[in-house]
Structure formats: C-alpha cells, structure tokens
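Okay, so here's the structure we're looking at.
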Amino acid sequence: MSQEWLNIQSFFTDHELIRAINDVSIFLKQEAAGVRDAERARLAEKGRETLREFLQRLEHVEAAGSKEPLLGIDARFQSLTDAIATARGESDSYRSVLMRDGASAVLPLLDAQLQQERRQLLEALADLRRVVEHHQQEDASIIFEEQ
Amino acid sequence: MRAYLTEANRDLLLQIEVVLELLGAASVQAELTHYLGEVAHLCAALRQQAMRNLKDLEYGVDETIDDILAATQSLTGLFELVNTRLASPIVRARKADRLGLLVLRWLHDSTPKTAVLPCGMADGSFAIYPTPQVPPIYLTPVTRQVTLLYLPLLFHEFGHLLYACHRQEMDDLVKEFQRIVTAALAPTSIRDQRGASRSAVFRRRAVTAWLAWVQEFFCDATGFTIGGPSFITAFSHYFRTRSRDHYLVSRDEQLQRRHPVTWLRAKLLVDRARRHGMTLLADQVEVSWAETAQAMGIMEDYGGTWQESFLSPLQQCVDDMITVAEPYRHVPTDVELPAGVERLNIVQLCNEAWRQFGEKPEMFRAWERQAIEKFLLCN
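Those sequence lines, one after another, are chains B and S. With the first sequence counted from 1, adding 99 to any position gets you the numbering used here. With the second sequence counted from 1, adding 92 to any position gets you the numbering used here.
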C-alpha cells in the first residue's frame with residue numbers, strides 16, 4: 100500500500116524508453132560511420148518498435164489537447180506527456196521536429212533511409228531523451244530517497 | 093570521456109558479479125528459489141548490457157559517446173534498484189520468512205496466471221512491486237511477517253499483481269468507469285472563463301486519479317473475496333486509529349495520491365460485506381470508523397472527488413474486474429470452521445486468529461505461536 104511501486108513502474112517504463120532511444124541512436128551513428136554489428140541492428144529494430152508504440156500513445160495524448168480528460172492514462176505517464184508539452188513551448192532549448200511538430204511528425208522518420216531524415220530523427224530522439232531522463236530522475240529521487 | 097565510461101562499465105560489471113556471488117551463496121527457503129533464479133537472470137541481462145556498452149566504446153565512434161553515457165547512467169539506475177530492492181529478499185532471507193512465503197506461494201498458486209510467477213518478501217510497509225520487468229516483491233512490516241492478524245493485507249497486495257497480469261482487460265473496465273466520472277464532473281453551466289478552466293483542470297486530474305483509485309478498490313475487493321471477514325477486520329484495525337489523513341485529505345492532496353481516502357475504502361468494503369450477508373460485521377466496522385471520525389471532529393468530505401452516484405457503477409466495475417482476475421473465493425467453511433478440522437488452510441487460519449483475538453485477547457499470543465507452528469509443520 101505504498102506510493103513507491105508506481106514510481107518503480109514509471110522508472111522501468113522510462114528505462115525501456117531510454118534504452119530504445121539509445122539503441123536506435125547508436126545503431127544509426129555506427130552505421131553512418133561504417134560499423135556493421137548484427138546485434139546492434141537487432142537491438143535497433145526492437146528499439147524502433149518500443150518507440151513506435153510510445154509515439155503513437157503520445158500522438159493520441161497530443162491530439163486530445165491539454166484540458167480534456169484522458170482515459171486509461173496513469174498519473175506518471177501523464178506527467179511525462181505534460182513535460183514533453185512544456186518542452187515543446189521552450190523552442191530555444193528544444194528545436195527538433197518532435198518539439199516543433201509533435202509525435203506524428205516523428206513516427207514516419209523511424210524507418211527513414213535518407214541521411215537528412217535520419218539526422219532529424221536523431222535530433223528528435225536526443226530531445227526526447229533529455230525530457231525522459233529528467234522524468235526518470237524524479238522517480239529515482241523518490242525510490243532512492245536522494246534529495 | 094571514453095575512459096571514464098569504460099571505467100564506469102567495468103565497475104558495474106564487478107558489482108554485478110558481487111551480487112551474483114551473494115545470490116549464489118545465499119541459503120533460502122524452497123519457496124524463494126524461483127525468485128532467486130529470476131533475479132539472477134536479471135543480473136545476467138544487466139551484465140550483458142554493460143558488456144554491450146564496452147563493445148560500443150571499443151568501436152571508437154565519437155558521435156555515440158552521449159548515447160553510451162545515457163546507456164551507462166540508465167544501467168547504473170537499474171543496477172541500483174537490484175542492489176537496494178531486488179536482492180534484499182534473498183540476501184536478508186531468514187528462517188522466519190517461511191510463514192509469509194507460504195502465504196504468498198499459496199496466493200500465487202491460486203490463479204493460473206500467477207502460478208508461474210516467483211515472489212520475494214522484504215521488510216517495509218505493506219506494498220508490492222508488481223512490474224512486468226522484475227519478479228514481484230511483497231513488502232511486509234517485520235512483526236506482521238511472523239504473526240497472523242495482518243497477513244490478510246497481503247491479499248490486497250496480491251490484487252495489484254492480478255491487475256498487472258490482466259492489465260488490458262482491467263484498464264478497459266476502468267475506462268468505462270472513468271467515463272462515468274468524466275460525465276459527472278462536467279460543468280453544468282459556464283459562468284466565467286477562469287472558473288471553467290479551473291473546473292476543467294480538476295476534472296482532468298480527477299479522472300486520471302481514478303485510474304489508480306479503482307485499482308485500489310479492486311485490490312480491497314480481492315482481499316475481501318479471498319479472506320472474507322479476516323480481510324475487512326485486518327483492514328479496519330490497521331487503519332482506523334492510525335491518523336487523521338485516513339479520514340480527511342484535501343482535494344489537492346487526494347489528486348496527488350494513488351490511494352483514495354481510506355475512510356471511503358472502508359465504506360466500500362462495508363457495502364461489499366453487506367452484499368455478502370455479513371451485516372453484523374459491516375455494521376461494526378461502519379460504526380467504529382464513524383465514532384473514530386467523530387472523536388477527531390472530522391466530517392466526511394471528499395472535496396468533490398466522490399459522489400454517491402458513483403457507488404453502484406464502481407462496485408459493478410470492481411465485480412467485473414474480480415470476474416476477470418478470478419482470485420480464490422472464500423467459502424463458508426473458511427469462516428466457520430467445521431467441527432474437528434485439524435489442518436487449517438491460510439484463510440481459515442486468519443479468520444480463526446481474529447476470532448481468538450476477539451474472544452481471548454490475553455491468551456492470543458500463546459494460541460498464535462502454536463497455530464503457526466502447526467501450520468508450518470503441515471505445509
């Protein structure tokens with residue numbers, strides 16, 4: 100009957116998302132540098148699926164607007180989507196296509212082959228990771244009682 | 093930076109090896125071996141991730157440094173969770189854990205989806221970590237692990253695991269109830285823009301809060317379904333005289349919590365007990381909470397998050413969730429022991445414990461010691 104388990108669940112969810120971002124990002128950069136690694140390719144494919152699922156959920160939330168009640172969305176996920184919405188308002192710090200145009204603009208980039216589109220995807224993933232890492236840190240502070 | 097990251101990942105590998113050594117050296121009850129295996133498996137996955145980071149560093153692609161830094165930080169956080177939470181039930185394992193572990197194993201074995209899951213037990217306030225990524229850990233206060241009266245509160249925690257095992261169906265049922273809340277909290281008239289905006293924000297937060305709250309009501313109903321009177325009595329005794337905020341919580345505070353106000357939970361349990369014909373028990377619990385509230389000068393007020401019209405659809409929603417999850421349902425012989433019964437199951441034991449505690453409180457501890465000893469011998 101403690102609040103902590105929700106933070107632990109949220110910590111894991113964020114961890115999965117950060118791992119997916121890292122796996123896709125590292126794969127694209129290594130490939131661009133001429134490195135071929137079969138395990139990396141497998142991890143990137145799995146990462147794309149995780150990101151697709153997340154971005155589709157985010158797209159749904161963004162379409163609903165900030166005041167409409169969202170059904171089936173827990174408080175920690177809502178706080179993550181709120182953090183992304185706040186970041187989208189800070190155009191000096193966050194300049195990627197995710198922050199400019201929202202999740203729907205990033206979804207098609209997940210399978211991009213053109214270098215320019217891949218660069219856009221990498222920028223979007225870097226911005227997303229910054230927000231998710233900050234969100235995960237909130238959970239970590241509660242779980243590990245860091246002040 | 094590359095050197096720092098290499099060092100950090102090598103240190104992680106070392107720490108993971110130490111945890112694996114501790115797990116290997118631990119002497120645990122048979123009921124905990126499955127859990128031990130799962131934690132060791134998770135450690136192996138962490139080790140693989142650290143080795144993956146080292147391999148990526150060896151490729152020497154400078155552009156990936158920020159990604160590998162993020163991967164290292166993320167891995168460090170996850171390892172910290174293993175080190176501070178998941179390994180604890182194994183490393184701290186003691187002989188006296190067996191009673192709690194037997195209860196948990198019995199609970200897990202009672203439904204097909206949970207029978208395959210391991211479980212561990214650690215010290216702490218009653219809680220569970222039912223994440224899909226790690227084996228469930230049940231937290232239990234030290235004295236409650238080795239005594240009988242509050243073991244039924246573990247039935248509530250088991251409800252969280254059932255919810256996680258049936259998440260999609262459960263979330264769909266809760267969404268139906270959220271629609272009712274959304275409609276009920278819709279403004280009937282809009283007089284000014286600021287008021288309408290505040291009302292919309294409250295409605296959005298309340299609807300979100302109800303997702304977690306319905307899960308808590310479901311877990312209470314699971315506890316009652318499994319344990320019958322022993323659960324409602326344990327729940328009531330555990331919370332009733334604890335503190336004011338189990339009765340009255342400001343609206344803003346409520347919306348930040350994942351638990352509904354405890355008095356409201358007690359009321360729903362009372363309603364459930366009445367519907368199951370336990371009128372006397374329901375009346376006793378209801379009166380005891382009302383009298384305690386009165387003694388503290390507290391009037392019932394949920395700040396607009398609760399309406400009486402929610403009661404019937406909420407109980408229906410929870411009934412449907414129980415049908416999906418199919419926890420063990422207590423039977424009359426779990427409450428009224430048949431004459432001459434020698435070997436009690438855990439539900440009988442908990443109900444009998446409350447009866448003994450109510451009738452002969454001064455003799456209770458002696459009776460409890462014998463009852464536990466007998467239970468452990470029989471299982």
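Where a beta carbon is used, it is the ideal one built from N, C-alpha and C, also for glycine. A quick note: this is a predicted structure, and the numbers were derived from the prediction, not measured.
The segment 214-225 of chain B makes contact with the segment 118-126 of chain B: 3 or more CB pairs, one atom from each, lie closer than 8 Å. Think of a sphere of 8 Å around the beta carbon of residue 173(B): the chain S residues whose beta carbon falls inside it are 300, 303 and 304, in chain order.
Residue 189(S) and residue 345(S) have their C-alpha atoms roughly 36 Å apart. Close CB contacts of residue 429(S) within its chain, under the 7 Å cut and outside five residues either way in sequence, are with 440 and 444 (chain order). Proximity of chain B to residue 394(S) at the Cβ level (cut-off 7 Å) is not reached, the minimal Cβ distance being about 18 Å. Look at residue 266(S): its C-beta is under 9 Å from a C-beta on chain B. Within chain B, 104 have C-beta atoms less than 7 Å from the C-beta of residue 220(S), given in sequence order. One thing to note: residue 398(S) has its Cβ within 9 Å of the Cβ of residue 352(S). Taking 4 residues as the shortest admissible run, the segment 169-195 of chain B contains the following complete alpha helix (DSSP H) segments, listed from N- to C-terminal end: 174-187. In the DSSP annotation of this structure, the continuous segment of the beta strand (DSSP E) that includes residue 232(S) starts and ends at 229-232.
Listed along chain B, no residue sits closer than 7 Å to residue 315(S) by beta-carbon distance, the nearest being about 11 Å off.
Three or more Cβ pairs closer than 8 Å define a contact, and the segment 155-170 of chain B falls short of that threshold against the segment 134-143 of chain B. Contacts with chain S (Cβ-Cβ distance below 7 Å) from the segment 128-155 of chain B involve 128, 129, 132 and 134, listed in chain order. Within the same chain, 270, 273 and 274 come within 6 Å of residue 299(S) by CB-CB distance, once the 5 residues on both sides are set aside. 9 Å or more divides the Cβ of residue 219(S) from the Cβ of residue 184(S).
Straight-line spacing of the CA atoms in residue 199(B) and residue 164(B) works out to 16 Å. Residue 162(B) and residue 211(B) have their C-alpha atoms spaced approximately 24 Å apart. The segment 230-240 of chain B and the segment 159-172 of chain S touch, with no fewer than 3 CB-CB distances between them shorter than 8 Å.
Going by DSSP, residue 219(S) is part of the beta strand (DSSP E) stretching over 219-221. For residue 93(S), DSSP records no beta bridge to any residue. Boundaries of the alpha helix (DSSP H) harbouring residue 146(B): 137-163, taken from the DSSP string. At a cut-off of 9 Å between beta carbons, residue 239(B) contacts chain S. When only Cα atoms are considered, residue 365(S) and residue 258(S) end up about 25 Å apart. Segment contact: the segment 225-243 of chain S against the segment 396-412 of chain S, fewer than three CB-CB distances shorter than 8 Å; contact not assigned. Ranked by how close their Cα comes to the Cα of residue 307(S), the residues 435(S), 195(S) and 417(S) have 417(S) in first place. In the three-state scheme derived from DSSP, where H, G and I count as helix and E and B as strand, residue 212(S) is classed as strand. Not a single CB atom of chain S sits nearer than 9 Å to the CB of residue 182(B). Residue environment analysis places residue 266(S) among the buried positions, since at least 16 neighbouring C-beta atoms fall within 10 angstroms of its C-beta. In summary, residue 322(S) is buried, with 16 or more beta-carbon neighbours lying within 10 Å of its beta-carbon over all protein chains present. The segment 145-154 of chain B and the segment 320-335 of chain S do not touch, with fewer than 3 CB-CB distances between them shorter than 8 Å. When secondary structure is reduced to three states using DSSP, residue 212(B) falls in the coil class, being assigned neither helix nor strand. Counting along the chain, residue 321(S) sits inside the alpha helix (DSSP H) bounded by residues 321-332. DSSP, reduced to helix, strand and coil, places residue 449(S) within a helical segment of the structure shown. Residues 262 and 307 of the same chain have their beta carbon placed closer than 6 Å to that of residue 255(S), with the five preceding and five following residues left out of the count.
Under the Cβ distance rule, residue 165(S) counts among the residues neighbouring chain B, one pair being separated by less than 9 Å.
Pairing residue 194(S) with residue 246(S), the inter-Cα distance amounts to about 12 Å.
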